[in-house]
Amino acid sequence: MGVYFTRETNCFVEMCYGGETSSMFLQGCAGDIRPNLPGFPYRCADEADIQWAGRDLGGAVVRSLAREVTREKLSQRPSYYAIRVASKIVSLPGKEGRVPAELQAMKIGPYLLLTMPGEPMVEYGFKLEAAIADRAIPIIVGYANGYLGYIATTDAYDVGGYEPTRSKLAPEAEAVILDELGSLADLVVGDVFESFSKHPKDVQRREALEKANSLKSTSTK
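See below:
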């Protein structure tokens, strides 16, 4: 199926809104997932299959947005979302030496994108979502900032199969990836980011806090 069905998804969504919106597709952790196409045992993923899958996904997107929103609810939505980004080039253990990889955390309002440069198996998504769900709305993204091929879990190497066999990484890479993404998430989710952010609202917040601390210090003398 490849990436081609996403073209159909984006075109379908944009068509439904008369060209007044731009649709963007983010690939999640699908390294060990196949398309759920009807038929057995295998489909060739030709143009008809690509259109079917893409438009089916696009229809799900449009249905999820087809709900009534009152003016009162719209007025409560923020006029903008602050964007916070932290990234790091990490050295991952590979089968034939160290493998450099760029990992990234991007917080857009209440949403947190955690990205990996390859095809992570679905368990990465489950583990990262569980780790961050109480602090932000997690969106786990693969195929971002490069491509390392399959990113298998440690357990997958014991089971065997196509993905761990084809992967450039060693089983120990999973622990490094999860730990580093957790550290990057801490930077953009917590107050650590606000301490050096130059966004006007973060600057105002720091100045107000410094002023309050100064007044408090003066009153205690």
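The sequence shown begins at -18 in my numbering and counts up by one.
Don't be surprised by glycine CBs; every beta carbon is placed ideally from N, CA and C.
Closest to residue 123 by CA distance: which of 166, -2, 10 and -5 is it?
The shortest C-alpha separation from residue 123 is found at 10.
Hey, residue 95 and residue 165: beta-carbon distance below 9 Å or not?
The Cβ atoms of residue 95 and residue 165 lie closer than 9 Å to each other.
Would you call the segment 125 to 138 and the segment 97 to 105 touching, i.e. three or more CB-CB distances under 8 Å?
The segment 125 to 138 makes contact with the segment 97 to 105, as at least three CB pairs between them are under 8 Å.
Nearest-angstrom Cα distance between residue 84 and residue 119?
Distance between the alpha carbons of residue 84 and residue 119: 15 Å.
DSSP-derived helix/strand/coil call for residue 128:
Residue state, collapsed to three classes: coil.
Pop quiz: residue 35 and residue -12 are said to be a contact at Cβ under 8 Å. What is the actual Cβ separation, rounded to whole angstroms?
Their Cβ separation, rounded to whole angstroms, is 7 Å, which keeps residue 35 and residue -12 in contact under 8 Å.
Apart from the five residues on each side of it in sequence, which residues of its chain come closer than 7 Å, Cβ to Cβ, to residue 147?
Cβ neighbours of residue 147 beyond the five flanking positions: 130 and 131.
Buried or exposed (CB count within 10 angstroms, at least 16 for buried), residue 80
Burial call: buried.
Out of 133, 145, 144 and 115, point me to the one whose CA is closest to residue 92's CA.
The residue with the shortest Cα to Cα distance from residue 92 is 115.
Output the distance between the C-alpha atoms of residue 152 and residue -7, rounded to the nearest integer angstrom.
C-alpha separation (whole angstroms): 40 Å.
Where residue 4 sits in the DSSP three-state scheme
Coil at residue 4, not helix or strand.
Contiguous alpha helix (DSSP H) assignments of at least 4 residues, all confined to the segment 145 to 177:
DSSP runs (the alpha helix (DSSP H)) wholly in the segment 145 to 177: 154 to 170 and 172 to 175.
Start and end residues, alpha helix (DSSP H) containing residue -4
For residue -4, the enclosing alpha helix (DSSP H) starts and ends at -15 to -3.
First and last residue of the uninterrupted alpha helix (DSSP H) at residue 46
Note, residue 46: alpha helix (DSSP H), 28 to 46.
Top-ranked residue by Cα proximity to residue 111, from -17, 87, 18 and 159
Looking at the Cα atoms, 159 is the closest of the given residues.
Let's test the definition: count the other Cβ atoms within 10 Å of the Cβ of residue -14 and tell me whether it reaches 16, buried, or not, exposed.
Buried, since its Cβ has 16 or more Cβ neighbours within 10 Å.
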